[in-house]
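Trainee:
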Amino acid sequence: MKLQQTEYFPLGVLMCVYMFTLLKFFDQSTSKSQIVSNQLLVIPTILIYTIDILAITIVGTYLSAHCKKIFSIPIQIACMLYFTLICLICAFDEENSNEMQLFANQYYFIVYYLRQKSYYDDTLSINGENPNKSISGKVLANMLARSLAHWVIIFAGCFVIGAFFAICITLQIIEIKKIKKIKKGNQSNDKYILLQNTHVKKSKIMENTYFQMIVVLLNLVTFIIMLSNDTNLSRMISPPHWNFYKSHFKPKFSKADYAAVVQQYRGHNPLDDGYDWIDQRTVPEYPTVYAPKEMVCSYNPSLDYCQNLPIHQRKAESDEKRPDVVVIIIESFTPGPTMLDNNVVESQESIVDGPLYKALYLPNLRKISQSGVSFSALSSNGLPTVYGWHSLLTGEIPYSNSMNMVQSIYNDVDDFPSYFNQQNYHTLYISPSKFKFDGKHNWVFRGRELVQRDPSNLKQMPLWFNQIFNYFPTQSQAEELNVEQFNYKTWVPDRITAAQFIKHFKEAKKQEKPVLGVWATVDTHMPFSGQDDLKFYEEFKFGKGVDSLQNDKFDRYATVAKYADYYIGQVTEYLQQNYNNTILVVLGDHGAREILLGNEQVDKNDINSTFYDDSCNHKPFSNDQLFTTTGTINYLGDNTKYQELFKDLTNKVIKTPVDHQDMIRTIYDLIGNQTASSRNGRNLIEVGRNISANQQLRQHWSLRSTMLHSELATEREVFRFHSLGAEGEVFNGIYPTCVTGEVRKDISKSQYGQFRQYQKLIDYLQRNNKQFSYKFRNSTCLYPQLCAFPVNKKALNKNAPLLYVFVLIFVGLGIGTVIEVIKYVCSKIKQQIKKHKEEKSKHSIQRAQLINE
0 MKLQQTEYFP
10 LGVLMCVYMF
20 TLLKFFDQST
30 SKSQIVSNQL
40 LVIPTILIYT
50 IDILAITIVG
60 TYLSAHCKKI
70 FSIPIQIACM
80 LYFTLICLIC
90 AFDEENSNEM
100 QLFANQYYFI
110 VYYLRQKSYY
120 DDTLSINGEN
130 PNKSISGKVL
140 ANMLARSLAH
150 WVIIFAGCFV
160 IGAFFAICIT
170 LQIIEIKKIK
180 KIKKGNQSND
190 KYILLQNTHV
200 KKSKIMENTY
210 FQMIVVLLNL
220 VTFIIMLSND
230 TNLSRMISPP
240 HWNFYKSHFK
250 PKFSKADYAA
260 VVQQYRGHNP
270 LDDGYDWIDQ
280 RTVPEYPTVY
290 APKEMVCSYN
300 PSLDYCQNLP
310 IHQRKAESDE
320 KRPDVVVIII
330 ESFTPGPTML
340 DNNVVESQES
350 IVDGPLYKAL
360 YLPNLRKISQ
370 SGVSFSALSS
380 NGLPTVYGWH
390 SLLTGEIPYS
400 NSMNMVQSIY
410 NDVDDFPSYF
420 NQQNYHTLYI
430 SPSKFKFDGK
440 HNWVFRGREL
450 VQRDPSNLKQ
460 MPLWFNQIFN
470 YFPTQSQAEE
480 LNVEQFNYKT
490 WVPDRITAAQ
500 FIKHFKEAKK
510 QEKPVLGVWA
520 TVDTHMPFSG
530 QDDLKFYEEF
540 KFGKGVDSLQ
550 NDKFDRYATV
560 AKYADYYIGQ
570 VTEYLQQNYN
580 NTILVVLGDH
590 GAREILLGNE
600 QVDKNDINST
610 FYDDSCNHKP
620 FSNDQLFTTT
630 GTINYLGDNT
640 KYQELFKDLT
650 NKVIKTPVDH
660 QDMIRTIYDL
670 IGNQTASSRN
680 GRNLIEVGRN
690 ISANQQLRQH
700 WSLRSTMLHS
710 ELATEREVFR
720 FHSLGAEGEV
730 FNGIYPTCVT
740 GEVRKDISKS
750 QYGQFRQYQK
760 LIDYLQRNNK
770 QFSYKFRNST
780 CLYPQLCAFP
790 VNKKALNKNA
800 PLLYVFVLIF
810 VGLGIGTVIE
820 VIKYVCSKIK
830 QQIKKHKEEK
840 SKHSIQRAQL
850 INE
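Residues in the sequence shown are numbered from 0 upward in steps of one, following numbering that gives the first Met the number 0.
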């Protein structure tokens, strides 16, 4: 029996692909933005998809028909697996675009599904309770409940496709395999099963050899063109599985273009007095690294100003005087405008007196902002957490078509955990989630003992955290933490991690050295239903609270936000009373990604002079739900040195655009140890002083990006647009947006072109490990001591997407070969049985004849 290729299988795949493609082009993301900026491009996208699937079908059918019998089934299985892969990637792409603002790429798949192996010893200091509960059902239920209409469309589409084929088979539009039992000769007891050859009824044009050759060649040429071009058009109209392959390839520059873009980058980001770009070579290998001039001259002694540079010895501050640094990262934090103070929302000034938050919603964060300087326009450099968290800690900007969490494992990065470790800080991290969930394990455990044989690049990585904690407390641990246990959910709730942070921070202080403590919260994570038992949200409840996903979305978010605020207040109060020589930084890791409110919520502010334009939420790239979050920098103690730095900015809110890189750069400067850095950030204390004094702000460009949405922020305004098109708006930089008095205009093509080149440069440097080198942190490289530039360690890439295709083909060949071998063995056994029966029958006949004779 020869297995015939089922030619209607590609037709079914094509119909599924059409459905998901139409959803991608005409649906909206959770932030109510268009997934694709130009909906007319759905036509060439569907056309390319059709040609691609048709070409693979032609090639598979040809090979199956003309190869030897043993290769026929493997080829058919490989083709069917490939078609299945195409369909899955298309669905994966549409759902990622809808939920995560990301196109499908192999690295996202690696992080969340394949799960990378651990390169470092990831043993935790404390092991807690194992909930032994699968979260798959809960995650799936939440996803369905949050986007019910979206999933109804998908399931209805699948039902229609299935019904179509059922009708086709019933009406015999498509012939099916028919099994008939027939008699052979006059022997009524011997029955044989015969399989009829079946196929889709072919048209004459499909049987035309020249037509088939044209389709295959056209598909091949289109594939090569799309793969070799990184234009916006090629990204938008390429099928997702082609972009899946493209994510492997690195951006390239000619020498002339590279020099021009580097000059543009440096021109848009002039440095503070006393700093210069460290790589002054004709073709700089590390063009974004800057340093104090005394370090620059150590690498470039021929610079004019080096001869007159005053030589002085740096005096390190004693450990007992250096402040602790605590960074609290609030999950999915978008408080504006309802949760922001009325004065902040109403004012059109760049700096406002008073607290940032409203006491009704965030009383403890309001108190923190009253004694520090706050930022209503603070943005992350990426989202979701897999991008925002990584960018905050490492300083890398998210890749435009890939994922730093995977691609940058071997990179030298300007991360702040290892920076503080090298400054003799004890570093600790409290996490609510398992580290393999977002692929964080090969970052937070960086610098520990290697547990995998791997290239030497990893052996030279500095240590990030001395202590790392993530555990569901046992009964005894809960008693030690003085907390009540809870019914374990997906992640450890803020009530528990707050107690863990206090306990382990206290233990870390016994080492008599300054501490960097990083605490990540979780309860404000979508779908805003919390991670704790319902009873713990009662005192913070707005409306019906979080007991059902059908409750008002804003009420759910306000409930979990006030819950998180309470425990942030507990940690802050503990630090204030026990270790007040602390610089406290509180910020969101990224926006909430979902539209949380409309006019009915803004009316609760009782703001008379400000009208919130709810229609703004439904215009592309207009709302603050993606990158925009908020933050505060505060000094809790009585050291006059730090009090003096904050003196003129206490209880003020800066409303001009700033981002995570600015926050980390400010911390670097506050602890007073100036060093080389590649973080494109500014000292926000200086920015605030310049705004207060009505001085012109230094020119500055910063980038925030996902694969779908991008922001290019200058010192005063933000350009928001689709990553693959110039459509968008410019805001005047006064946050929150979507209020009257805003200035909006379209971004020009030249500005968009500059942005794309800027983004391409960042991609190029990071993908080639040229954004930073840990050797630039060598504190002995101070002029007149001379140092050589570090040799670039080429970035490694062990996750080629084409590998998946080859694996798929070999799996198909392997399965098919096994089937053929089994079939061959079975046929031989049947032949032997048949032969044995025939011989036995022959002997019986002969014996009967002898007896008769």
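Glycine included, C-beta positions come from ideal geometry on N, C-alpha and C.
Taking C-beta to C-beta, are Gly542 and Ser331 nearer than 9 Å?
Mentor: no
Trainee: Under the three-state reduction of DSSP, which class applies to Val326: helix, strand or coil?
Mentor: strand
Trainee: Taking only the alpha-carbon atoms, compute the straight-line gap between Tyr118 and Arg664 and give it to the nearest angstrom.
Mentor: If I take the Cα positions, the gap works out to 29 Å.
Trainee: Could you say if the region 481-498 and the region 438-447 meet the contact criterion of at least three C-beta pairs nearer than 8 Å?
Mentor: no
Trainee: Give me the Cα-Cα distance between Val16 and Ile594, rounded to the nearest whole angstrom.
Mentor: 29 Å
Trainee: Taking just the CA atoms, how far does Val351 sit from Thr337?
Mentor: Using only the alpha carbons, I get a separation of about 17 Å.
Trainee: Determine, using beta carbons only, whether Tyr356 and Thr628 come nearer to each other than 9 Å.
Mentor: no
Trainee: Grab the span of the alpha helix (DSSP H) containing Thr639 for me, first residue to last.
Mentor: 639-645
Trainee: Under three-state DSSP, which class holds Ile350?
Mentor: strand
Trainee: Just verifying my parser: in three-state terms, what is the DSSP assignment at Gly859?
Mentor: The structure shown does not extend to residue 859, since the chain is modelled only from 0 to 852, so the question has no answer here.
Trainee: Which residues mark the beginning and the end of the beta strand (DSSP E) in which Thr631 is found?
Mentor: 630-634
Trainee: Measure the C-alpha to C-alpha separation of Glu714 and His721 and round it to an integer number of angstroms.
Mentor: Rounded to whole angstroms, the separation of the alpha carbons of His721 and Glu714 is 21 Å.
Trainee: Just to confirm my understanding: we take Gln369, look at its own chain, exclude 5 residues before and 5 after, and list those with CB closer than 7 Å. What are they?
Mentor: Pro354, Asn650
Trainee: DSSP puts Ile653 in a beta bridge; with which residues?
Mentor: Ile350, Phe374
Trainee: With 16 as the cutoff for other CB atoms within 10 Å, does Phe25 come out buried or exposed?
Mentor: The residue in question, Phe25, is exposed, as its Cβ has fewer than 16 Cβ neighbours within 10 Å.
Trainee: Run the CB neighbour count on Cys296, radius 10 Å, all protein chains shown included, and call it buried at 16 or more, exposed below.
Mentor: buried
Trainee: Any idea if Tyr418 is buried or exposed, counting beta-carbon neighbours within 10 angstroms, 16 or more meaning buried?
Mentor: buried
Trainee: Identify whether Arg365 lies in helix, strand or coil by the three-state DSSP scheme.
Mentor: Arg365 falls in the helix class under three-state DSSP.
Trainee: Do Ile85 and Asp51 come within 9 Å of each other at the CB atom, strictly closer than that value?
Mentor: yes
Trainee: Contact between the region 260-270 and the region 640-660: three or more CB pairs below 8 Å?
Mentor: no
Trainee: Identify, in the order they occur along the chain, each residue of the same chain with its Cβ nearer than 6 Å to the Cβ of Pro735, setting aside the five sequence neighbours on each side.
Mentor: Cβ within range, chain order: Gly335, Pro336, Asp623.
Trainee: Thinking C-alpha only, which one of Arg447, Ala787, Ser349, Tyr409 is nearest Ala692?
Mentor: Ser349
Trainee: Are there 16 or more other CB atoms within 10 angstroms of the CB of Val282, so buried, or fewer, so exposed?
Mentor: exposed
Trainee: Determine the closest residue to Ile42 out of Phe91, Pro286, Pro238, Gln306, with distance taken between C-alpha atoms.
Mentor: Between Ile42 and the set Phe91, Pro286, Pro238, Gln306, the nearest pair of CA atoms involves Pro238.
Trainee: Which residues share a DSSP beta bridge with Trp442?
Mentor: Trp442 is not bridged to any residue.
Trainee: Out of curiosity, what's the CA-to-CA distance linking Gln831 and Tyr81?
Mentor: 38 Å
Trainee: Kindly identify the DSSP beta-bridge partner or partners of Trp276.
Mentor: Tyr289
Trainee: Between Ser375 and Lys654, how many whole angstroms is the CB-CB distance? I'm expecting something under 8 Å.
Mentor: The C-beta distance from Ser375 to Lys654 rounds to 5 Å, short enough to meet the 8 Å contact threshold.
Trainee: Out of Gln476, Phe222, Gly371, Leu53, state which residue places its alpha-carbon closest to the alpha-carbon of Asn126.
Mentor: Gln476
Trainee: Just the C-alpha distance for Trp463 and Ile567, rounded to the nearest angstrom, thanks.
Mentor: Answer to the nearest angstrom: the Cα atoms are 24 Å apart.
Trainee: What span of residues does the alpha helix (DSSP H) with Phe210 cover, start to end?
Mentor: 208-227
Trainee: Which class does Gly335 belong to by DSSP, given the choice of helix, strand or coil?
Mentor: coil
Trainee: Apply the 10 Å Cβ neighbour rule to Ile34 and answer buried if 16 or more other Cβ atoms are within range, or exposed otherwise.
Mentor: It is buried - the Cβ of Ile34 has at least 16 other Cβ atoms within 10 Å.
Trainee: Thinking C-alpha only, which one of Ser772, Thr779, Gln694, Gly273 is nearest Val790?
Mentor: Between Val790 and the set Ser772, Thr779, Gln694, Gly273, the nearest pair of CA atoms involves Ser772.
Trainee: Do Tyr285 and Leu764 have their CB atoms nearer than 9 Å?
Mentor: yes
Trainee: Note down, one range per segment and in chain order, each alpha helix (DSSP H) of at least 4 residues found wholly within the region 486-558.
Mentor: 493-507
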